[in-house]
Amino acid sequence: MGGAAEPAPWSRTNLLIAAAAARLGVEATPLASQHSDFFMRLRWPGAPEGPRAVIISKTRSPYLTEVAQTLTNNKFISRELLAARGLPVIRGELFDEASEVVADGRAGAILAERGRVVVKPNWGNRGIGIVTDVVEFAQLAAAIEFARDHDRDEEAVVEPFVSGINLRVAVIGGRAVAAAEISRPQLRGDGQRTATQLLEALNLDARRGTWSRPSLVPLDHIEAELVAERLAVAGYHLDDVLPENLCVELCFEELDVIDRSDELRPSWAAIAVEAATALGVDVAGVDLRGPAHVLLRSAPATSGDQATHASAGVLEVNALPALHLHALPTVGSPRPVFDAFVAYCLQMPGAPPVCARVLV
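One point on numbering: in my numbering, the residue at position 95 of the sequence shown is 166, and numbering is uninterrupted.
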């Protein structure tokens, strides 16, 4: 008979949690005899009062409430709550019926006023179902339907396109512990290659890994199925040669992750902390969008720009943050976010106190 089967592998996130736990003298073990990547037990045998243990779910702490997680998953409501607290938020319009797109005129009015908009599922996550840089009404209608198809309640949010960078701020226990600028991969048509060939070129990046080949690389393999869905909104298929003027942004994956922890303006770090705290998310990834010179101290302003908050804002607060982005940046220094996460979950010395109450 053959030997015992190899244990199922942890995902990248759980591998990083387990490594951080080992550095802190904490045991990280599965919860049951059958492997599940969704849960892990952290046990600190050296706690002053005796062994202390908690159960976590990936980067969700043991203190996160269902109310907080559900609230942050709803972009429209969570943004309204943050705006009511005086935080700079990129607001959007909610569409929950297909007939609204044409019937009430709001969609066309938004596009006419803004010129460029972004369409997202209201309840979406991981960037799936998002269409950026929408400039025509037919494109807007298709994007709204695409977003609604990927939304659990068939709702879409249409928001203004804000020029600048995407900045993710990691907040743990009311502290901003890291920040990273995230750029997204794009399929750029050249009039010669098919979408499949362009995608294959992106996936040749050695920094990309897969679930079947787990490793501590910063980026994920770009799935053809998701690309095909996004292309369909623009009227193309994977086997089509994409024209030179076409650029399709793939918001569900990363191209580069640049550490900006030392460059984040303190005022925006405070805004990220307040947003996470208000929504009761103790371990959060707060997405900011705006010009680099507004969000970062190191970025020069262009001619005529002023470093005000008016041109930037909070996009959303993620209750299941991709902390690996900060531990494995493609550019810059890795940040010890998983050590901070483990220490917070077990309330080890120096960790911030638990803060997971929704502020109402």
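Note that CB positions come from ideal geometry on N, CA and C, so glycine has one too. Note that the coordinates shown come from a computational prediction; the quantities given were computed from them, not determined experimentally.
- Message: Out of Leu290, Thr265, Ala139, Leu313, which one is the CA nearest neighbour of arginine 255?
- Response: Position 184 of the sequence shown, counting from 1, holds the residue named residue 255. Answer by Cα proximity: Leu290.
- Query: Count the other CB atoms within 10 Å of the CB of glutamate 168; is the residue buried (16 or more) or exposed (fewer)?
  - Reply: For the purposes of this step, residue 168 is taken as residue 97 along the sequence shown, with counting starting at 1. Exposed, by the Cβ-count rule.
- Between the C-alpha atoms of glutamate 230 and glutamate 320, what's the straight-line distance to the nearest angstrom? Locating residue 230 in the sequence shown gives position 159, counting from the first residue. Locating residue 320 in the sequence shown gives position 249, counting from the first residue. Rounded to the nearest whole angstrom, the C-alpha separation of glutamate 230 and glutamate 320 is 16 Å.
- Message: Judging by CA-CA distance, which residue of Pro116, Val431, Phe412 is the nearest neighbour of proline 133?
- Response: Counting from 1 along the sequence shown, the entry for residue 133 is found at position 62. Of the candidates Pro116, Val431, Phe412, the one whose C-alpha sits nearest the C-alpha of proline 133 is Phe412.
- Task: Go through its chain and collect everything with a Cβ distance to glutamate 120's Cβ below 8 Å, but skip five positions before and after it.
- Result: Locating residue 120 in the sequence shown gives position 49, counting from the first residue. For glutamate 120, where only same-chain residues beyond five positions count, there are no Cβ hits under 8 Å.
- Quick one: Cα of histidine 380 to Cα of proline 80, how far? The sequence position of residue 380 within the sequence shown is 309, counting from 1. The sequence position of residue 80 within the sequence shown is 9, counting from 1. Low confidence applies here, because histidine 380 scores a pLDDT of 46, under 50, leaving its location unreliable; read the following figure in that light. The alpha-carbon atoms of histidine 380 and proline 80 are separated by roughly 44 Å.
- Touch check for the region 300-316 and the region 336-343: three-plus C-beta pairs under 8 Å? no
- Item | Through-space distance from phenylalanine 208 to glutamate 98, alpha-carbon basis | As a working mapping, residue 98 is identified with position 27 in the sequence shown. As a working mapping, residue 208 is identified with position 137 in the sequence shown. Their Cα atoms are separated by approximately 55 Å.
- Task: Please list the segments of the beta strand (DSSP E) lying wholly inside the region 327-380, counting only runs of 3 or more residues, in order along the chain.
- Result: The DSSP assignment places 327-330, 354-361 as complete runs of the beta strand (DSSP E) inside the region 327-380, in order along the chain (cut-off: 3 residues).
- Message: Taking a contact to mean a Cβ-Cβ separation below 8 Å, would you say glycine 198 touches phenylalanine 323 in this structure?
- Response: Within the sequence shown, residue 198 is the residue found at index 127, counting from 1. Within the sequence shown, residue 323 is the residue found at index 252, counting from 1. Yes, the pair counts as a contact, with Cβ atoms nearer than the cut-off.
- Message: If contact is defined by three or more beta carbon pairs under 8 Å, each pair taking one atom from either stretch, is the region 212-228 in contact with the region 184-203?
- Response: yes
- Quick one: complete beta strand (DSSP E) runs, 3+ long, within the region 219-306? Counting only runs of 3 or more, we get 227-231, 236-243, 246-254, 257-259.
- Query: How about alanine 355 and leucine 152: do their beta carbons lie closer than 8 Å?
  - Reply: Stepping through the sequence shown from its first residue, residue 355 is reached at position 284. Stepping through the sequence shown from its first residue, residue 152 is reached at position 81. No, they are not a contact pair.
- Cα-Cα separation, asparagine 389 to phenylalanine 147: For the purposes of this step, residue 389 is taken as residue 318 along the sequence shown, with counting starting at 1. For the purposes of this step, residue 147 is taken as residue 76 along the sequence shown, with counting starting at 1. When rounded, the distance between both Cα atoms is 14 Å.
- Do leucine 367 and glutamate 334 have their CB atoms nearer than 8 Å? Along the sequence shown, one-based indexing puts residue 367 at 296. Along the sequence shown, one-based indexing puts residue 334 at 263. Contact: yes.
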